[in-house]
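Written below as structure tokens is the structure these notes are about.
Protein chains in written order, with our numbering: chain S, 247 to 611; chain X, 96 to 513.
Following this line, the structure appears as structure tokens:
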């Protein structure tokens with residue numbers, strides 16, 4: 247059957263996340279972006295919503311089952327509040343969700359309960375590399391088997407909260423395949439840059455470069471244990487998360503510019519009453535709804551183990567990247583000169599919107 | 096309720112059957128009837144009538160889904176099924192799909208605005224022995240999207256209790272097959288929109304059922320078109336046409352409300368996603384053909400690569416797939432809402448806006464990528480390009496539907512956003 251209505255549980259979750267996103271994340275967003283700092287309390291409050299906890303089974307300290315659809319709904323809602331804040335709240339998922347999805351039993355026992363049951367702690371992951379042709383399936387960072395150990399070398403970029411993290415999953419190229427490795431940050435050979443990354447957007451989020459110089463870890467550190475894991479599943483989950491966040495940011499831009507257009511007068515009428523503006527808004531809304539459905543379908547396919555789920559996740563992600571650009575650009579355009587001024591959030595939505603093409607790996611459903 | 100994307104089994108089965116029909120009864124004759132405009136593919140029409148009758152469908156309208164007593168309540172999927180049927184038939188040939196026998200938009204108007212007696216009276220014929228057609232006459236030379244500018248008049252003759260209709264209608268899809276008395280066809284009808292009180296504007300607008308062969312009605316012209324050439328598009332002139340009193344759909348008295356007109360608009364809410372579905376069928380045909388030809392020529396699409404590593408053709412094909420699928424999902428959502436009796440004016444128009452955009456873009460791009468092969472009439476691709484364009488025009492142009500979407504999201508009336 248087809249059905250487009252979130253179930254009761256999802257509606258409750260979306261309601262709670264939406265409230266937090268609007269009241270807490272969004273009201274703090276401007277200040278956080280300008281000062282490049284997110285209040286600790288803000289992150290803790292988001293963590294207490296229990297998104298990760300709700301998608302982790304009881305055996306590992308949680309109280310539910312993971313659903314990509316439910317997560318996608320939550321990510322959209324949260325990113326609609328503020329992208330940087332949303333990514334910060336969800337950073338521990340970058341470490342926990344791959345373990346939940348692909349980790350060995352031993353790895354699950356070792357990490358999940360202590361992350362799930364505790365306060366927000368910056369467990370993180372490193373996927374992105376600083377190269378124009380960065381491709382998650384062709385990483386430059388390498389992992390090589392050496393006796394009973396793996397030796398990793400290379401450089402990672404845009405790693406959230408690396409400085410404070412106790413451990414991270416580092417993705418590396420193992421004989422042509424991308425594989426994750428669980429690495430405590432105090433492992434010798436792993437070094438974190440002193441300076442934070444400076445990007446066009448999401449400035450409130452602490453991101454760091456991470457260097458790996460012959461970092462040696464036991465073979466049991468490989469995600470999934472000796473036989474490893476299917477990275478495609480993780481990549482699809484990351485793409486769906488990115489796409490959902492893109493839908494959220496685009497929705498924020500549409501709502502703000504729409505409200506503005508209904509207030510702002512020109513030539514004796516509200517500018518929203520002019521077809522030139524009204525049509526832009528109609529197209530933005532249509533684009534968002536179309537891509538949202540594509541993302542939902544991809545998430546549903548992933549949850550149900552459908553054959554083409556990974557391809558669909560790629561299509562949804564690729565579509566979402568274009569949608570975010572189209573919508574957030576128009577958000578600025580509708581406000582005209584005011585859209586270019588940082589007092590209004592649409593310029594930040596535009597900067598954040600541009601990021602989705604290269605920020606895969608900063609969120610996962 | 097939950098979020099689900101599983102195509103219901105009955106729909107998958109129908110798609111399978113219709114695909115065979117599309118390949119054997121439609122594609123095989125597509126070119127012939129594109130080049131011989133106004134010729135009638137009797138074989139296809141007869142076949143479809145027999146096939147639909149034997150399956151109890153009768154015509155391409157959503158099935159009545161009354162649950163059997165005591166049976167477990169099933170989810171209604173009438174409009175979803177219809178959308179899938181139309182998509183597949185249009186994948187075969189959209190011109191042929193448009194002349195599939197049955198009530199079409201004419202019956203839809205009776206369904207939406209008629210009384211139970213009228214429905215029983217006018218709609219039973221589509222299950223008869225012969226293929227039967229009905230058409231909707233709305234557009235006039237001076238009234239396209241602005242249907243309130245309609246000049247056709249209907250006046251009640253108090254003495255005979257008949258309506259007398261005068262005016263001229265253009266762009267009537269299936270007008271010839273619905274009105275002209277072909278011996279191969281059953282007795283059809285046209286639904287004519289006319290004003291019974293020009294001072295009342297939209298509130299005075301009513302639809303009238305005019306039986307085929309009625310005196311005073313003439314098919315003045317059959318249009319020569321860019322595409323969908325197997326489908327006849329008629330100009331119909333009405334001079335002192337007399338129809339029985341009971342052939343008026345809706346109330347014969349005019350109150351200063353717009354309910355009469357809303358009947359027509361409600362029909363559009365139901366039919367817009369179906370027109371979108373039709374366009375998507377054409378676009379899918381073009382995209383599948385393109386991918387097939389690319390494969391033959393040794394071009395593979397490397398899904399999963401970052402955009403900046405893809406070739407131009409790969410980017411185009413991937414974008415086309417995204418456009419096609421997301422447009423289809425908007426259609427599915429709109430008809431799912433219709434099936435579940437949720438108001439879907441916005442979603443209907445969104446699906447039409449998107450489908451109009453993507454079907455034209457996809458067919459245009461496919462022709463471009465195929466180079467001389469795309470432009471040649473050896474293949475159907477150039478025909479699909481011509482056929483696709485109508486999607487963004489009929490049943491409300493892309494612009495009119497943008498207006499509908501804009502009013503919905505802004506909460507504006509027609510006065511606030513003209």
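By construction, the Cβ of each residue, glycine as well, lies at the ideal position given by its N, Cα and C atoms.
With 16 or more other Cβ atoms from the protein chains shown falling within 10 Å of its own Cβ, residue 420 of chain X counts as buried. Proximity of the segment 120–135 of chain X to the segment 276–291 of chain S falls short of the contact definition, fewer than three beta-carbon pairs being nearer than 8 Å. Leaving aside the five residues that flank residue 272 of chain S on each side, the residues in its chain whose CB is nearer than 7 Å to its CB run, in chain order, 327 and 328. Around residue 96 of chain X, the beta-carbon contacts reaching into chain S at under 7 Å are 249, 251 and 253. For residue 463 of chain S, the uninterrupted beta strand (DSSP E) run begins and ends at 453–464, by DSSP. For residue 578 of chain S, the closest alpha carbon among the candidates S/474, S/335 and S/523 is that of S/523. The alpha-carbon separation between residue 375 of chain S and residue 363 of chain S amounts to approximately 32 Å. Burial is judged here by how many other beta carbons sit within 10 angstroms of a residue's own beta carbon; residue 425 of chain S has at least 16 and is buried. With contacts defined as CB atoms closer than 7 Å, residue 249 of chain X and residue 260 of chain X qualify as a contacting pair. In the structure shown, residue 388 of chain S falls within a strand segment according to DSSP collapsed to helix, strand and coil. Residue 337 of chain X is bridged by DSSP to X/259. A Cβ-Cβ contact shorter than 7 Å links residue 273 of chain X with residue 230 of chain X. At least 7 Å separates the CB of residue 498 of chain S from every CB of chain X. Look at residue 486 of chain X here: in three-state DSSP terms it is helix.
The continuous stretches of alpha helix (DSSP H) do not include residue 424 of chain S, which lies in the beta strand (DSSP E) extending over residues 423–430.
The C-alpha of residue 422 of chain S lies about 18 Å from the C-alpha of residue 372 of chain S.
Counting along the chain, the unbroken alpha helix (DSSP H) around residue 345 of chain S starts and ends at 337–348. Around residue 518 of chain S, the beta-carbon contacts reaching into chain X at under 7 Å are 505.
In chain order, 98 make up the part of chain X whose C-beta sits under 7 Å from the C-beta of residue 315 of chain S.
DSSP lists X/290 as the bridge partner or partners of residue 300 of chain X.
Inside the segment 464–522 of chain S, DSSP marks whole alpha helix (DSSP H) runs of 4 or more residues at positions 477–509, from first to last along the chain.
In this structure, DSSP gives residue 575 of chain S a helical state, which the three-state scheme calls helix. Among the residues facing chain S, residue 423 of chain X is not included, as its CB has no counterpart in that chain under 7 Å away. Selection X/192, X/240, X/338 and X/503 evaluated against residue 253 of chain X yields X/338 as nearest (Cα-Cα). With a contact defined as Cβ atoms closer than 8 Å, residue 347 of chain X and residue 281 of chain X miss out at about 28 Å.
Separation of the CB atoms of residue 328 of chain X and residue 267 of chain X is rounded to 7 Å, and the pair is thereby assigned contact status at 8 Å. Here residue 386 of chain X carries a helix assignment [DSSP, helix/strand/coil]. Here residue 440 of chain S is exposed: its Cβ has fewer than 16 other Cβ atoms, across all protein chains shown, within 10 Å.
Flagged as an interface residue toward chain X: residue 525 of chain S, by a C-beta distance shorter than 7 Å. For residue 464 of chain S, the closest C-alpha among the options S/487, S/515 and S/395 is that of S/395. Distances from the alpha-carbon of residue 417 of chain S to those of S/457, S/247 and S/410 put S/457 closest. Within 10 angstroms of the beta-carbon of residue 237 of chain X lie fewer than 16 other beta-carbons, which makes it exposed. With a cutoff of 7 Å on beta-carbon distance, residue 438 of chain X and residue 429 of chain X are scored as not near each other. Neighbourhood of residue 445 of chain X in chain S, by CB distance below 9 Å: 528, 531, 532, 535 and 536, in chain order. Within its own chain, the residues whose Cβ lies closer than 6 Å to the Cβ of residue 343 of chain S, once the five positions on either side in sequence are excluded, are 610, listed in chain order. Of the residues assessed, residue 392 of chain S falls on the exposed side of the cut-off, its CB having fewer than 16 other CB atoms within 10 angstroms.
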